[in-house]
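Chemist:
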Amino acid sequence: MYILYIRNIITYTSCLFLKGVISTVFVTLVVITSIYFYKRHNIHSRNLSLQPFRLDSQRISKSQNFGVEHFIFKDLYKATNNFDKKLGDGGSAEVFYDKLLDGREVAVKRLFKFGLNKEQLFLKEINILARTIHPNLILLYGCTSLKSRRALIVYEYVRNGSLDDHLHGDKATPNSRRQF
Numbered sequence: 001m002y003i004l005y006i007r008n009i010i011t012y013t014s015c016l017f018l019k020g021v022i023s024t025v026f027v028t029l030v031v032i033t034s035i036y037f038y039k040r041h042n043i044h045s046r047n048l049s050l051q052p053f054r055l056d057s058q059r060i061s062k063s064q065n066f067g068v069e070h071f072i073f074k075d076l077y078k079a080t081n082n083f084d085k086k087l088g089d090g091g092s093a094e095v096f097y098d099k100l101l102d103g104r105e106v107a108v109k110r111l112f113k114f115g116l117n118k119e120q121l122f123l124k125e126i127n128i129l130a131r132t133i134h135p136n137l138i139l140l141y142g143c144t145s146l147k148s149r150r151a152l153i154v155y156e157y158v159r160n161g162s163l164d165d166h167l168h169g170d171k172a173t174p175n176s177r178r179q180f
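Numbering (UniProt numbering), first residue to last: 1 to 180.
Structure follows, in structure tokens:
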């Protein structure tokens, strides 16, 4: 009877130990699996957000034009008469009026300083606008290359001021706010 009692205690203790080991292994596997999927998801998300910029950088180094016309800085500099016909400016760029040799009137956007963030914005803007055609958006005619002294983007010129002028300026009317 005493031996049976000891055998029951050993069996009970062994079962508890075995349950503890199995539980610990299971919890460890769940934690390791969770960490693996969390890191995999974060790396995959980061790669997706960086991938278009990498593709654009590779594409501009190969073709230099994103499927749009490639302009030379010197030519635009001369055509804008040293950037003297300023249309306006914003937080990151100035816009100038120009008339190209083929007769097209254009707005030339000149970015202020060209660093890594500006380069990314330049590439993204060109990439998006080169693929977007809509009657309510101005056309992108082209750009200079990244190897140029300054980043310039050439747009279709639209007369009668900016959207801001129509909404908030002298030209604003009660109906213009509804139209936009």
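The C-beta atom is built at its ideal place from N, Cα and C for all residues, glycine as well.
Assuming Y141 and V154 are in contact, meaning their beta carbons sit under 8 Å apart, how far apart are those beta carbons, in whole angstroms?
Modeler: Indeed they touch by this definition, with Cβ atoms about 4 Å apart.
Chemist: For the beta strand (DSSP E) that L87 lies in, which residues bound it at each end?
Modeler: L87 -> beta strand (DSSP E) spans 86–89.
Chemist: Take the Cβ of N127 as the centre, count every other Cβ of all protein chains shown within 10 Å, and call the residue buried at 16 or more, exposed below.
Modeler: Buried, because 16 or more other Cβ atoms sit within 10 Å of the Cβ of N127.
Chemist: Helix, strand or coil for R150 per DSSP?
Modeler: Reduced to three states, the DSSP call for R150 is coil.
Chemist: Do you know whose CA, among E105, R131, F37, L18, lies nearest G67's CA?
Modeler: Of E105, R131, F37, L18, the residue nearest in Cα terms is R131.
Chemist: If you run the structure through DSSP and keep just helix, strand and coil, what is V106?
Modeler: V106 falls in the strand class under three-state DSSP.
Chemist: For a quick check, are the C-beta atoms of K85 and F71 less than 8 Å apart?
Modeler: The answer is no: Cβ separation not under 8 Å.
Chemist: In the DSSP assignment, find the alpha helix (DSSP H) that holds L76 and state where it starts and stops.
Modeler: Run containing L76: 73–79, per the alpha helix (DSSP H) assignment.
Chemist: Per DSSP, which residues does A130 bridge with? Please list them.
Modeler: DSSP output for A130 lists no bridge partner at all.
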